[in-house]
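Protein chains in written order, with our numbering: chain A, 63 to 120; chain B, 3 to 474. Worksheet: the structure to be examined is printed underneath.
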């Protein structure tokens with residue numbers, strides 16, 4: 063997985079219409095990376111595991 | 003100082019119904035105390051003095067005329083300022099909603115009033131409920147009443163609820179809990195609080211932090227008062243499709259004091275072993291007290307619980323971002339710096355990561371369900387630490403230095419992901435005189451057993467009856 067950078071975050075933010083200063087992006091970067099890395103490290107979810115969210119029409 | 007301000011909600015209701023005290027006296031005593039103390043405590047954002055006194059006069063007329071009285075008749079309550087109140091501003095602890103006046107009440111606010119409760123005001127909180135410290139740059143950070151000299155956090159996000167009930171300026175309050183926001187301030191302020199099962203209490207008219215993790219519940223000075231307050235709040239609400247149609251049991255009747263035969267699991271690794279020594283000792287002493295009354299105790303480990311931080315990041319962050327997206331594009335400067343930063347993190351979580359987080363929740367829920375298949379309740383420390391000073395970012399637990407924020411939510415967040423009911427009750431004080439909390443986790447929709455254990459423990463101990471010196 064390619065490492066995130068401030069430039070990457072800036073591009074992603076702009077595509078969503080978010081104006082975030084470089085200083086703020088630099089502060090965000092370790093938080094986003096930590097979340098991303100924490101999720102990526104979990105690889106052994108049993109395939110039959112469904113998401114906890116439910117779609118209910120009743 | 004009026005002793006009425008330290009009287010339980012249960013007793014206030016009895017005294018009002020038997021005409022030993024007027025609802026007007028009760029409300030006025032609390033308003034006087036708010037005026038005397040809240041300049042420092044900063045637990046209220048909006049005090050509804052005139053409206054509360056007017057409601058108290060109506061309540062008194064009902065008593066004197068012999069009308070049927072609700073279960074909370076004449077009893078004052080406070081509402082965390084994310085519960086919509088018709089005609090009364092609801093700020094969410096934010097600058098963005100500083101002047102927003104809803105056109106209808108949150109279901110639980112309406113249900114409490116229908117039960118006879120009198121709303122004293124709207125309580126301070128971490129901005130938009132997004133922080134476990136209970137800080138607020140817009141309305142001031144509430145002061146923990148357990149330390150008169152050092153400005154300590156109350157825990158959050160329901161920090162105003164914690165400060166007000168602990169200081170005797172409100173006998174019971176509504177909190178809300180997405181990662182521990184009822185249980186953390188209950189622990190740090192020496193209160194009893196319960197996060198009911200997801201779906202037990204309506205979230206309609208409650209400003210969301212993360213729809214699938216938000217829970218609504220009471221914070222009081224005893225488990226018995228929590229039972230009294232929860233009863234009229236609970237149950238199906240057509241305005242919230244996630245509420246359950248399961249019947250609501252009689253919570254007060256469940257408070258039998260009986261512990262004999264109760265099967266209790268202590269969450270050992272991650273929870274007990276991750277807490278500071280004082281919290282460990284307090285929880286073990288609480289378990290011993292339950293065992294002496296006939297409960298059986300065994301150790302339990304939840305191996306999946308290490309997944310909780312990643313799952314929470316994947317689910318909470320994008321749900322919170324989705325709610326705030328438009329304001330983050332147009333009014334970002336109006337957020338406090340900490341909340342703005344946390345909300346923006348959610349913009350960078352992918353759809354696949356969100357679904358992965360929801361799948362991790364399934365694994366974690368299944369594991370907690372499996373543990374509770376043979377046990378009635380689980381015990382853990384509510385928080386690994388006591389209240390820290392405002393501005394303190396790190397804390398030492400054993401030989402580790404850890405962030406305060408992550409430490410505060412470590413033991414509570416897993417049960418927001420699983421949806422199980424979980425209460426916190428006081429279980430001791432540190433050497434500095436700061437309260438510690440015992441967390442009691444139960445089976446889905448079995449709040450009655452959680453409250454029974456909490457109440458039975460409070461019949462054996464007096465931690466919940468102590469008063470903070472700063473509020474004396």
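Ideal placement from N, C-alpha and C gives every residue a C-beta, glycine not left out. Since we're looking at a predicted model, the values are computed, not measured.
Sequence-distant residues of its chain with Cβ nearer than 7 Å to residue i (five each side left out)
i	result
residue 274 of chain B	268, 282, 285, 382 and 383
residue 211 of chain B	130, 131, 132, 180 and 322
residue 310 of chain B	366, 415, 416 and 419
residue 358 of chain B	316
residue 40 of chain B	46 and 171
residue 336 of chain B	97 and 98
residue 471 of chain B	150
residue 330 of chain B	345 and 346
Same chain, Cβ closer than 6 Å to residue i, neighbours up to 5 away in sequence not counted
i	result
residue 262 of chain B	296
residue 369 of chain B	304 and 306
residue 338 of chain B	129 and 139
residue 114 of chain A	none
residue 88 of chain A	68
residue 4 of chain B	31
residue 244 of chain B	201
Residue(s) in a DSSP beta bridge with residue i
i	result
residue 396 of chain B	B:405
residue 68 of chain A	Per DSSP, none; premise fails for residue 68 of chain A.
residue 2 of chain B	In the structure displayed, chain B extends from 3 to 474; residue 2 of chain B sits before or after that span and is not available.
residue 299 of chain B	B:266
residue 426 of chain B	B:195 and B:441
residue 250 of chain B	Per DSSP, none; premise fails for residue 250 of chain B.
residue 74 of chain B	DSSP output for residue 74 of chain B lists no bridge partner at all.
residue 455 of chain B	Beta-bridge pairing links residue 455 of chain B to no other residue.
Contacts around residue i, its chain only, beta-carbon distance under 8 Å, and the 5 residues preceding and following it disregarded
i	result
residue 73 of chain B	15, 117, 118, 230, 233 and 234
| request: Pick out the complete beta strand (DSSP E) segments inside the region 83-141 of chain B, 3 residues or longer, and give them in chain order. | output: DSSP assignment within the region 83-141 of chain B yields the following whole beta strand (DSSP E) runs of 3 residues or more, N-terminal first: 120-125.
| task | Quick one: which residues of the region 91-102 of chain A get their C-beta closer than 7 Å to a C-beta of chain B? List them in chain order. | result | Of all residues in the region 91-102 of chain A, 93, 94, 97, 100 and 101 have a Cβ within less than 7 Å of some Cβ in chain B.
| Got a sec: which bits of the region 340-351 of chain B sit with their beta carbon under 9 Å from any beta carbon on chain A, in order along the chain? | Within the region 340-351 of chain B, 342, 343, 344, 346, 347, 349, 350 and 351 place their CB atoms closer than 9 Å to a CB of chain A, listed in sequence order.
| Okay, do the region 158-169 of chain B and the region 120-131 of chain B touch, 3+ Cβ pairs below 8 Å being the bar? | Yes: at least three Cβ pairs fall under 8 Å.
| said: With three or more C-beta pairs closer than 8 Å as the rule, is the region 20-31 of chain B touching the region 379-398 of chain B? | reply: Touching, no.
| Against chain A: residues of the region 355-383 of chain B by CB proximity under 8 Å | Cβ contacts with chain A: 355, 357, 358, 359, 360, 361, 362, 363, 364, 365 and 367.
| Is it a yes or a no for the region 6-21 of chain B touching the region 85-98 of chain B, going by three-plus beta-carbon pairs under 8 Å? | Taking a cut-off of 8 Å for Cβ pairs, the region 6-21 of chain B and the region 85-98 of chain B do not touch, as fewer than three such pairs fall below it.
| said: Using 8 Å as the cut-off, can you tell me whether the region 446-456 of chain B makes contact with the region 179-187 of chain B, which would need three or more C-beta pairs spanning the two stretches below that distance? | reply: Note that the region 446-456 of chain B does not touch the region 179-187 of chain B; fewer than 3 beta-carbon pairs, one per stretch, sit closer than 8 Å.
| request: Give, in chain order, every residue of the region 102-117 of chain A whose Cβ lies closer than 7 Å to some Cβ of chain B. | output: Those residues of the region 102-117 of chain A that come within reach of chain B (Cβ to Cβ, closer than 7 Å) are 104, 107, 111, 112, 113, 114 and 115.
| In chain order, which continuous runs of the alpha helix (DSSP H) of length 4 or greater are located wholly inside the region 178-241 of chain B? | The DSSP assignment places complete alpha helix (DSSP H) segments of no fewer than 4 residues inside the region 178-241 of chain B at 185-191 and 225-235, in order along the chain.
| field | Segment contact, 8 Å Cβ cut-off, at least three pairs: the region 92-103 of chain B with the region 51-68 of chain B | value | The region 51-68 of chain B and the region 92-103 of chain B do not touch, with fewer than three beta-carbon pairs separated by less than 8 Å.
| message | Would you call the region 429-446 of chain B in contact with the region 213-220 of chain B, where contact means no fewer than 3 C-beta pairs closer than 8 Å? | response | No, the region 429-446 of chain B is not in contact with the region 213-220 of chain B.
| Would the region 334-349 of chain B and the region 93-105 of chain A be scored as touching if the rule is three or more Cβ pairs under 8 Å? | Touching, per the Cβ criterion.
| message | To be precise: take each residue of the region 70-84 of chain A, compare its Cβ to all Cβ atoms of chain B, and keep it if any distance is under 8 Å. Which residues remain? | response | Taking 8 Å as the Cβ-Cβ cut-off against chain B, the residues of the region 70-84 of chain A that qualify are 71, 74, 75, 78, 79, 80, 81 and 82.
| Taking Cβ-Cβ distances below 7 Å as the criterion, which residues of the region 202-219 of chain B are in contact with chain A? | Result list: 214.
| Between the region 314-321 of chain B and the region 97-106 of chain A, do three or more beta carbon pairs fall short of 8 Å? | Between the region 314-321 of chain B and the region 97-106 of chain A, the count of C-beta pairs closer than 8 Å reaches three or more; the two stretches touch.
| message | Could you check whether the region 236-253 of chain B touches the region 426-440 of chain B, counting it as contact only if at least three pairs of C-beta atoms, one from each stretch, sit closer than 8 Å? | response | Cβ pair count under 8 Å is below three, so no.
| Residues of the region 300-318 of chain B with Cβ closer than 8 Å to any Cβ of chain A, in chain order | Cβ proximity to chain A below 8 Å picks out 309, 311, 312, 315 and 316 from the region 300-318 of chain B.
| Between the region 48-58 of chain B and the region 98-108 of chain B, do three or more beta carbon pairs fall short of 8 Å? | Counting Cβ pairs under 8 Å, fewer than three are found: no touch.
| said: Along the region 324-336 of chain B, where does the CB come closer than 7 Å to a CB of chain A? Name the residues. | reply: Under the 7 Å Cβ criterion, the region 324-336 of chain B contributes 330 and 331.
| query | With contact counted as at least three CB pairs below 8 Å, one residue from each stretch, are the region 132-149 of chain B and the region 252-262 of chain B in contact? | reply | Pairwise C-beta distances place the region 132-149 of chain B out of contact with the region 252-262 of chain B, as fewer than three of them are shorter than 8 Å.
| Minimum length 4: unbroken alpha helix (DSSP H) runs contained in the region 306-393 of chain B | Within the region 306-393 of chain B, the complete alpha helix (DSSP H) segments of 4 residues or longer fall at 310-332, 339-347 and 353-373, listed in chain order.
| request: Run through the region 27-54 of chain B for me and flag every whole alpha helix (DSSP H) of 4 or more residues, listed as ranges in chain order. | output: The DSSP assignment places no complete run of the alpha helix (DSSP H) inside the region 27-54 of chain B (cut-off: 4 residues).
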